[in-house]
Structures are given as C-alpha cells and as structure tokens.
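To start, the structure itself, in structure tokens.
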Amino acid sequence: MAVYYATKAYVLSFSQAVASEIKGTGVSLTVLCPGPVNTKFLKESSDTELAIYRLWKNV
Numbered sequence: 007m008a009v010y011y012a013t014k015a016y017v018l019s020f021s022q023a024v025a026s027e028i029k030g031t032g033v034s035l036t037v038l039c040p041g042p043v044n045t046k047f048l049k050e051s052s053d054t055e056l057a058i059y060r061l062w063k064n065v
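If you read the sequence shown in the working numbering, its first letter stands for residue 7, the second for the next number, and so on.
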C-alpha cells in the first residue's frame, strides 16, 4: 500500500511542479485522480479505506 500511495502523491506533486513551469505559456495541465473502485486491491485495504469507499459509492 505504501508504494501505491507514494506514487499517487508523486504524480500530484510532479504535476504541480510542471504546472508552475509552464505558467504563462497558454498551456494548461489537468490531473485526474479517480476515486475508490471496487477491486481486489480495495478489498485487501484497511478498514478505514473500505469505509471511505462505502461513503464515496453513495455520493
């Protein structure tokens, strides 16, 4: 799980850095971070993550 969360954080951090570098060029950057998805990976997650999924699926 640690690697998964670290890579997700890296993508966001890297995207912010790129956005600051291209500021003023007329180019925009969009990052899409999907919410929880009912997969085997989620089922093996902690109780907290499962609780978050249950909340999200009803939104």
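Here a beta-carbon is modelled for each residue, glycine too, at the ideal position from N, C-alpha and C.
- 8 Å or more divides the Cβ of Leu-18 from the Cβ of Val-43.
- Here DSSP, grouped into helix, strand and coil, assigns Thr-36 to coil.
- Just so you know, the alpha carbons of Ser-52 and Ala-23 end up roughly 31 Å apart.
- Going by DSSP, Glu-27 is part of the alpha helix (DSSP H) stretching over 8 to 27.
- Across the set Ala-25, Arg-60, Phe-47, Thr-31, the C-alpha of Phe-47 shows the shortest separation from the C-alpha of Tyr-10.
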